[in-house]
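Per the working numbering, the sequence shown starts with residue 4, numbered consecutively. Heads up, the beta-carbon is just placed ideally off N, CA and C, and yes, glycines get one too. These figures come from a predicted structure and were not determined experimentally. What follows is a short report on a single structure.
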Amino acid sequence: MKKTFLLLSAILILTAGGCEQAPAELPSRESKIPTDAVKITPATDVSPVKSLSAEYENPIPLPAPVNTAGAEDSPFILPDGNTLYFFFTPDVKVPVEKQIIDNVTGIYVAKKSGDKWLNPERVLLSKPGGVGSDGCEFVRGNIIWFCSVREGYDGIHWFTAEFKNNKWQNWKNADFPPDYKVGELHFTSDGNEVYFHSDRPGGKGGLDIWVSKKVDGEWLEPENVSAVNTSGDEGWPALSPDENELWITKDYGIWRSKKINGEWGKPKLMFSPLAGEATIDSAGNVYFVHHYYKDDQMLEADIYVANKK
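Okay, here's the thing in structure tokens:
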């Protein structure tokens, strides 16, 4: 379930300067979707995702205008369930080096009004007209964390920006110590702990889930969350708003660990197949990405929601 964006590490993106919202002259994301693209639905999905828990309804895709015949990926829902961030690229068959110059690939935000999602807007965290080099978004308060490849930096780095005067601006580097090898992450509500996936040494193998604590403004040496890790890949951690559940992606499914007496328990498979990158609202509803495959080829991806019963 490694998203296309992570392949950007080999590419130097020519963007620099302060953050601004996408200018009106940028094309719509729909305009870049191939004209012959066919929207996949649950009825035509050869590997439909299902709930494996009695706690949740079977997952359903979010309606248009959120999902399109392009690829919506990497969702992040705010606790109130009314603001959704996600990554979009119009055609997964296009090489990454071309995706990043198409002026639509990148982070978007959709707002919910009543029971309807409004048209998503681009969150461009670079100069107007900059390429779509940003992803891995996490939002808390008026701060967005995102990973990016930028002029003056080798490979992928973490950055932050702040929402001020009705726009994202003042982006700056926000790297952790390099040897921590911090992958996609989730902060606790107080900002003093960060859960992330990494293949750093000392784990159980492959990607593991790690946690680092902040003391006196410094991130301490990460600790392996051994209860949820195996010799395979465990990644894309997400905490529930009450921080008593840790959701992870592994084996092409979404798993949940519950905190019992302050310790994480053994994870249980909740949604499968081809489901990943969970994000949870305060009502307990789980949003995630479902990838559509046929004959071992990815066709597109949609954001799904599994509503808690």
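Member of the options whose CA lies at the smallest distance from the CA of residue i
i, options, result
"residue 183", "172, 166 and 211", "211"
"residue 197", "158, 222 and 302", "222"
"residue 285", "70, 80, 53 and 235", "80"
"residue 192", "308, 181 and 216", "216"
"residue 251", "73, 227, 263 and 282", "282"
"residue 158", "93, 181, 60 and 172", "181"
"residue 194", "207, 173 and 220", "220"
"residue 228", "141, 269 and 98", "269"
"residue 246", "253, 168, 233 and 260", "260"
DSSP three-state assignment for residue i, whether helix, strand or coil
i, result
"residue 33", "helix"
"residue 304", "strand"
"residue 311", "strand"
"residue 25", "Low confidence applies here, because residue 25 scores a pLDDT of 45, under 50, leaving its location unreliable and the question unanswered by this model."
"residue 230", "helix"
"residue 298", "coil"
"residue 99", "helix"
"residue 255", "coil"
"residue 132", "For residue 132, the predicted structure reports a pLDDT of 47, less than 50, and the residue's modelled location is therefore unreliable. The matter cannot be settled from this model."
"residue 204", "coil"
"residue 181", "helix"
"residue 14", "Summary for residue 14: the model assigns pLDDT 37, below 50, so the residue's position carries little reliability; its value from the coordinates is reported in the next sentence. Here residue 14 sits in coil by DSSP."
"residue 243", "coil"
"residue 108", "coil"
Within 8 angstroms, strictly: CB atoms of residue i and residue j
i, j, result
"residue 188", "residue 164", "no"
"residue 242", "residue 258", "no"
"residue 112", "residue 126", "yes"
"residue 383", "residue 231", "No information on residue 383 is available, as it lies outside the stretch 4 to 312 that the chain covers here."
"residue 64", "residue 306", "yes"
"residue 218", "residue 225", "no"
"residue 114", "residue 71", "no"
"residue 1", "residue 137", "What is shown of the chain runs 4 to 312, which leaves residue 1 out entirely."
"residue 60", "residue 312", "yes"
"residue 304", "residue 295", "yes"
"residue 49", "residue 293", "no"
Presumed contact (8 angstroms Cβ cut-off) between residue i and residue j, rounded CB distance
i, j, result
"residue 238", "residue 186", "7 angstroms"
"residue 291", "residue 55", "Their Cβ separation, rounded to whole angstroms, is 13 angstroms, which puts residue 291 and residue 55 out of contact at 8 angstroms."
"residue 78", "residue 89", "5 angstroms"
"residue 120", "residue 45", "That belief does not hold up - the Cβ atoms of residue 120 and residue 45 are roughly 18 angstroms apart, past 8 angstroms."
"residue 240", "residue 179", "With a Cβ gap of about 15 angstroms, residue 240 and residue 179 do not count as contacting."
Residue i CB to nearest heavy atom of the ligand HEM below 7 angstroms
i, result
"residue 96", "The ligand HEM is not among the ligands present in this structure, which contains no ligands whatsoever."
Closer than 8 angstroms to chain B by CB, residue i
i, result
"residue 144", "Note that chain B does not occur in the displayed structure, where there is just one protein chain."
Next item on the list: Take every Cβ of the region 272-284, pair it with every Cβ of the region 33-45, and state whether three or more of those distances are shorter than 8 angstroms.
Entry: Touching, no, given that fewer than three Cβ pairs across the two stretches are closer than 8 angstroms.
Check: Is it a yes or a no for the region 158-173 touching the region 140-148, going by three-plus beta-carbon pairs under 8 angstroms?
Finding: Flag = yes, the region 158-173 and the region 140-148 touch.
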